[in-house]
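In the numbering used here, the protein residues as written are 569 to 1299.
Note that CB positions come from ideal geometry on N, CA and C, so glycine has one too.
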């Protein structure tokens, strides 16, 4: 490679996204005091650009504008330019995204915001083309106009930025109004179900026409709604909506049929043509939701999808030290000699390529049928490509095919005169060959940053899958990742989590010079993961760490006046707003998940003030939960758990005994949204016995493993039969 002509101070950073911009002619600064001081000293505006390393439009804006020497000169002359990786600094991203959404009605990345030297925003948007077009002002023009305004109307700009900040502080406040109590579960659940039901796509599943996102939070809500309404028609519909959506996604092009795992979202109604990046947080949540689908339905199809996701993550997103990487990019070079990257190039196929790779005749099928015919029929491959030109504005996928299973195995088998088992084996052989062929292509960029929050979501995915599918190797992988967090993303001296670490040279794990402290989401998703891991492994050390982190979360983020948790801690003067997220999106909002965490923490510790805190969070979000619960499906789910009281399922027995293991298999195979599991093994010095003195009064009956269902530490009669236990587990 040629020696880069420019190098800026981002070269010293660890974030893959910031390093992507280290050779721009723009004099970029990372977010920090050096940039703020320079803006004040030189009385210059700040241009803030926020994105992430696998963001397609971030790459486009870099190619068009940030690599352009003339535009770079304009930026350097008039602005102090700051680059932020939104995955590393979600706090900075959220403050300015709140501004962009409030002032432009939309948001997204790359986010482009202009700030006064004291960091107050006054203008912003997302992607800008470099030059003026028919419908859009170009980036160059915007830069020059804003620089001119600062020169001519500085006082007006400062005044306007102050007014904007006051308005944002007012509109973004979430707090308890008066003596509010948690909203009633039934009404909130029913409203959320009706709102989801109205937006449901009866044909293809999902909850919009296009684009279509996986949104596991909606599916988890529907499973809980079904569990609490199993005999009602609404319950049956909730289950059908969730399972149909999961089946259509798994058949669709959003699912990588050759390389496993799921892409970010579908650009069309049919789950066919995806936006090809793959995010860790999607894999973690989808592994958990497909595990629940398997628990509920018993359909091996869903278990196979879980195995597929976890194979992808183990192979492609795993660091050898045990952590999980953040993402894989959508764009890559079509061949090793290509000059420019294309979206989806790593994943798509031309028909003639498939014919060349799969020429073998198929015995027993209609004469002349080749492996390629079988594969192309099942996966909807067309000679001229199967991508609608309307979904491919840049013609990057012209003549190519995104694989989609439009019919069932049974249909394809009948059409080709093959048995189902034989067809399944043939398709498996085809997929393996294509996987080997694909491995010869240049791979997309891998973001090797490791985030505490997303690692938490993935640990939950492995732990829940291990429990539901009775696969010990998945539980072991979850424990390995939790040990990685404890080593690399936790400071034992302060007792606090760190946000991120990075794959360094020689595959070592590196930390930035000034480590980024953990945010609310890091604590919440890691605590959830540790509870899930305890229930799957019964290692009490994970429970102990979870309760410690919950105390730390309370100390750093709780709002004693308005209730609920702030996303960030107090005391950072560069953050203009302390926000509370109010929407469950691609990831659930931390306050939603923490309600269930607090209830679980109370069950494992006996600290009932955590139950009170959970109620106060629901009270703070009460108005939103009652009016538009569809924006908070995970918090709605938690409202039901809060009102139904968690069942403590206590099994007294030797964890290694066959009778105990059989009871554990039973508990783990049943989907029950309001249970916590613990084993009382008779070790009175153990952590659980110290936390929960009532355990000492529970004993085995007739020397056999015995289950008790307890509520608020009051227990049912002992049960020694697995059938009886199964009956008691339903919500």
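How many angstroms separate the CA atom of residue i from the CA atom of residue j?
{"i": "residue 643", "j": "residue 685", "result": "15 Å"}
{"i": "residue 966", "j": "residue 578", "result": "37 Å"}
{"i": "residue 1302", "j": "residue 1060", "result": "There is no way to answer for residue 1302, as the model of the chain reaches only from 569 to 1299."}
{"i": "residue 517", "j": "residue 851", "result": "This structure cannot speak to residue 517, because the chain is shown only from 569 to 1299."}
{"i": "residue 988", "j": "residue 994", "result": "10 Å"}
{"i": "residue 1196", "j": "residue 760", "result": "7 Å"}
{"i": "residue 1190", "j": "residue 1201", "result": "13 Å"}
{"i": "residue 1168", "j": "residue 731", "result": "43 Å"}
Taking 8 Å as the CB-CB limit, is residue i close to chain C?
{"i": "residue 823", "result": "Structure shown: chain C not included; a single protein chain is present."}
Mind checking residue i: buried by the 16 CB within 10 Å criterion, or exposed?
{"i": "residue 625", "result": "exposed"}
{"i": "residue 1280", "result": "exposed"}
{"i": "residue 1067", "result": "buried"}
{"i": "residue 611", "result": "exposed"}
{"i": "residue 860", "result": "buried"}
{"i": "residue 654", "result": "buried"}
{"i": "residue 735", "result": "exposed"}
{"i": "residue 801", "result": "exposed"}
{"i": "residue 588", "result": "buried"}
{"i": "residue 1205", "result": "buried"}
{"i": "residue 825", "result": "buried"}
{"i": "residue 784", "result": "buried"}
For residue i, does the three-state DSSP call read helix, strand or coil?
{"i": "residue 1146", "result": "coil"}
{"i": "residue 1281", "result": "coil"}
{"i": "residue 966", "result": "coil"}
{"i": "residue 1079", "result": "coil"}
{"i": "residue 996", "result": "helix"}
{"i": "residue 1220", "result": "strand"}
{"i": "residue 1308", "result": "Given that the chain is displayed from residue 569 to residue 1299, the structure contains no residue 1308 and the question cannot be resolved."}
{"i": "residue 1071", "result": "strand"}
{"i": "residue 809", "result": "helix"}
{"i": "residue 709", "result": "helix"}
{"i": "residue 679", "result": "strand"}
{"i": "residue 1158", "result": "helix"}
{"i": "residue 1197", "result": "helix"}
{"i": "residue 1064", "result": "strand"}
{"i": "residue 1244", "result": "strand"}
{"i": "residue 1233", "result": "helix"}
{"i": "residue 922", "result": "helix"}
{"i": "residue 896", "result": "strand"}
{"i": "residue 911", "result": "strand"}
{"i": "residue 830", "result": "strand"}
{"i": "residue 1085", "result": "strand"}
Residues in its own chain within less than 7 Å of residue i by CB, not counting five upstream and five downstream?
{"i": "residue 890", "result": "1048, 1049, 1051, 1052"}
{"i": "residue 1015", "result": "584, 621, 622, 893, 894, 895"}
{"i": "residue 1028", "result": "852, 856, 1096, 1097, 1100"}
Following the continuous beta strand (DSSP E) through residue i, name the residue where it begins and the one where it ends.
{"i": "residue 648", "result": "647–653"}
{"i": "residue 1018", "result": "1017–1019"}
{"i": "residue 1044", "result": "Looking at the DSSP string, residue 1044 is not in any beta strand (DSSP E); the run it does join, the alpha helix (DSSP H), is 1040–1056."}
{"i": "residue 1115", "result": "Where residue 1115 is concerned, there is no enclosing beta strand (DSSP E), although the alpha helix (DSSP H) it sits in stretches over 1108–1125."}
Counting along the chain, where does the alpha helix (DSSP H) carrying residue i start and finish?
{"i": "residue 734", "result": "722–739"}
{"i": "residue 760", "result": "753–767"}
{"i": "residue 1099", "result": "1088–1105"}
{"i": "residue 690", "result": "Residue 690 -> not in any alpha helix (DSSP H); beta strand (DSSP E) instead, spanning 689–693."}
{"i": "residue 594", "result": "Residue 594 -> no alpha helix (DSSP H), and no H or E assigned at all."}
{"i": "residue 619", "result": "It is not in any alpha helix (DSSP H) - residue 619 instead sits in the beta strand (DSSP E) that spans 613–619."}
{"i": "residue 796", "result": "784–796"}
{"i": "residue 958", "result": "Per DSSP, residue 958 belongs to no alpha helix (DSSP H) and is neither H nor E."}
{"i": "residue 982", "result": "977–984"}
{"i": "residue 660", "result": "658–672"}
{"i": "residue 627", "result": "624–629"}
{"i": "residue 1295", "result": "1290–1296"}
{"i": "residue 1185", "result": "1177–1188"}
{"i": "residue 1258", "result": "1255–1259"}
{"i": "residue 942", "result": "939–946"}
Excluding sequence positions up to five away, which residues of its chain have a Cβ less than 8 Å from the Cβ of residue i?
{"i": "residue 697", "result": "632, 704, 706, 707"}
{"i": "residue 1207", "result": "750, 751, 753, 756, 757, 1163, 1186, 1193"}
{"i": "residue 1257", "result": "1248, 1251, 1263, 1264"}
{"i": "residue 888", "result": "1075"}
Enumerate in chain order the residues of its own chain whose CB-to-CB distance from residue i is below 6 Å, with the five nearest sequence positions on each side excluded.
{"i": "residue 1122", "result": "none"}
{"i": "residue 1184", "result": "1131"}
{"i": "residue 1104", "result": "1031, 1034, 1035, 1043"}
{"i": "residue 675", "result": "665, 668, 669"}
Is there at least one non-hydrogen atom of the ligand FMN closer than 7 Å to the beta-carbon of residue i?
{"i": "residue 897", "result": "You won't find the ligand FMN in this model; it holds no ligand whatsoever."}
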